[in-house]
Every structure is written in C-alpha cells, then in structure tokens.
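With our numbering, you'll find the sequence shown wraps up at 488, consecutive numbering, no jumps. Idealized CB from N, CA, C, for every residue including glycine. Remember, it's a predicted structure, so these values are computed and weren't measured experimentally. Notes to accompany the following structure.
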Amino acid sequence: MKIIKKGRPKTFNKQIVEKIAMQAYWREGMNNISLNEICRQIGESKPSVYREYGGEDGLKFSALKLYLDTRVNILSEYLFSEKPFIENLQSVFNYLINNHFDDDNPYPCLYNKESWFPSKSMSMKCKNIVMEKDKEIAIKLKRHLKKAIELNEIFIDIDIDVCADYIHHQIKLIATLSNNKVSKDILNGMVHLIMRSLKKS
288 MKIIKKGRPK TFNKQIVEKI AMQAYWREGM NNISLNEICR QIGESKPSVY
338 REYGGEDGLK FSALKLYLDT RVNILSEYLF SEKPFIENLQ SVFNYLINNH
388 FDDDNPYPCL YNKESWFPSK SMSMKCKNIV MEKDKEIAIK LKRHLKKAIE
438 LNEIFIDIDI DVCADYIHHQ IKLIATLSNN KVSKDILNGM VHLIMRSLKK
488 S
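Quick look at the structure:
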C-alpha cells in the first residue's frame with residue numbers, strides 16, 4: 288500500500304491577501320470583479336477564502352477596511368493635527384493635488400465612490416463601515432471647526448454642520464478631480480476659493 292505523505296500546510300497570509308484584494312477592488316470597483324478572479328490574483332482557493340472570511344462579503348469588508356485605514360486615515364492625520372485648522376486643511380489639499388495619486392496608485396478613490404455611489408453588491412456591513420467613516424470625519428471636523436472659531440482662526444457665517452459637510456465634500460471633490468488629471472493650476476485655483484471663504488479678512 289502506497290503511503291501518501293502530507294506536505295506542510297500552506298500558510299494563509301491575510302496581510303498579503305487583503306492588500307491584493309484591496310488593490311483589485313480599488314482598481315476594478317467592488318461590483319466589477321468576481322471572487323474567482325480575486326482568488327486567482329491572491330493565489331488562494333475559494334474554500335480558503337470562505338474559511339478565513341466567511342465568504343466574499345467578509346473579504347470585501349476586510350479589503351475596504353484596509354483601504355480606509357491606510358489611504359483615508361492619512362488625510363485624517365493631516366486634517367486633525369495640532370496645527371491651526373487652516374494650515375491643516377491646506378495641507379490636505381496640497382497632498383491630494385501633489386502626492387495622493389501617482390503612477391503606483393492611479394485609481395479613483397474607493398472611499399469616495401462607495402460614499403457617494405454605494406455598490407449594489409455590497410453588504411450592509413460594508414456600507415456601514417463607509418457611513419461610519421463619514422460620520423467620524425464629520426464629528427471631528429465640527430469639533431476642530433468649533434475650536435478654530437473659538438481661537439479666532441477662521442470666520443464662518445453659516446451653520447457649523449453645513450460648514451463641516453461642505454468642507455468634507457470639497458475634500459472629496461478635489462480628490463476626485465486630481466485623480467481625473469485636472470490641471471494643478473485649476474485645482475489650486477479651486478482650493479483658493481474654498482479657503483478664501485474660511486479665512487478672516
């Protein structure tokens with residue numbers, strides 16, 4: 288009787304798998320790539336993915352969370368530092384226009400896409416993590432705006448909730464346009480108009 292020796296089990300590297308999946312969903316869109324293709328790219332079987340993530344939704348959630356943690360949180364670090372709010376906001380715009388999208392990361396912002404136009408195929412768990420990020424940024428924005436007003440750094444004559452929502456959407460807009468190769472001169476002109484409405488005369 289021939290004895291079949293069992294080889295050492297292959298290690299499932301979640302860090303690598305989630306990074307590859309994140310890049311695939313970012314590049315193609317959450318709706319536009321099959322689990323079969325994801326498995327081919329990560330070099331794992333469907334059963335392995337189901338075992339680790341409970342299914343395709345679990346992998347999508349982990350990939351989306353990784354995107355928020357690595358790409359979106361960079362902007363949060365700029366926006367919510369201890370420097371004056373106007374300086375922080377300008378730093379965010381400068382980063383978006385000059386550094387955020389490059390040859391290695393040329394794809395439209397996944398967070399923006401899923402925030403504005405949620406993929407139909409996504410589970411509520413995935414949609415909720417995007418909505419939670421929106422709420423988190425809105426709450427922090429309002430807190431930092433209030434502080435900036437108290438310190439006499441900025442001037443606004445509209446409701447602070449409206450102002451926070453406006454700034455958040457302007458950040459998303461500049462991110463979207465910078466990825467679409469709109470010229471830096473035009474983007475910087477738009478940023479000048481945005482910033483002018485906040486600066487004290």
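Endpoints, the alpha helix (DSSP H) within which residue i is located
i: Glu-401; result: 397 to 403
i: Met-482; result: 471 to 483
i: Pro-334; result: 333 to 340
i: Ile-441; result: Taken as a continuous stretch (DSSP letters only), Ile-441 belongs to no alpha helix (DSSP H), as it is neither H nor E.
i: Phe-348; result: 343 to 354
i: Thr-463; result: 447 to 466
i: Ile-361; result: 360 to 366
i: Asn-386; result: Neither: Asn-386 is in no alpha helix (DSSP H) and is coded neither H nor E.
Residues near residue i by beta carbon distance below 6 Å, same chain, minus five either side
i: Ile-291; result: Note on Ile-291: pLDDT 47, under 50, position unreliable in the model; no value is reported.
i: Leu-485; result: Ile-441
i: Leu-383; result: Ile-461, Ala-462 and Ser-465
Beta carbon of residue i nearer than 8 Å to that of residue j
i: Ile-329; j: Phe-380; result: no
i: Glu-305; j: Ala-350; result: yes
i: Phe-299; j: Glu-339; result: yes
i: Leu-355; j: Lys-420; result: yes
i: Lys-433; j: Ile-447; result: yes
Sequence-distant residues of its chain with Cβ nearer than 8 Å to residue i (five each side left out)
i: Leu-431; result: Here residue 431 turns out to be His, not Leu, going by the sequence shown. So the list reads Leu-366, Phe-367, Phe-372 and Asn-375, once near-sequence residues are dropped.
Nonlocal neighbours in the same chain, by C-beta distance under 7 Å from residue i, ignoring five residues either side
i: Ile-303; result: none
Classification of residue i by the beta-carbon crowding that lies within 10 angstroms, buried from 16 upward
i: Leu-362; result: buried
i: Leu-480; result: exposed
i: Leu-438; result: exposed
i: Phe-348; result: buried
i: Ser-465; result: buried
i: Ser-470; result: exposed
Closer than 7 Å: residue i CB and nearest the ligand MN heavy atom
i: Leu-346; result: The ligand MN is not part of the structure shown, which contains no ligands of any sort.
Counting Cβ pairs closer than 8 Å, one from the segment 406 to 413 and one from the segment 335 to 352, do we hit at least three? In this structure the segment 406 to 413 lies against the segment 335 to 352, because at least three pairs of beta carbons, one per stretch, are closer than 8 Å.
Are the segment 365 to 373 and the segment 400 to 411 in contact at 8 Å, needing three or more beta carbon pairs? Because the criterion of three Cβ pairs below 8 Å is not met, the segment 365 to 373 and the segment 400 to 411 do not touch.
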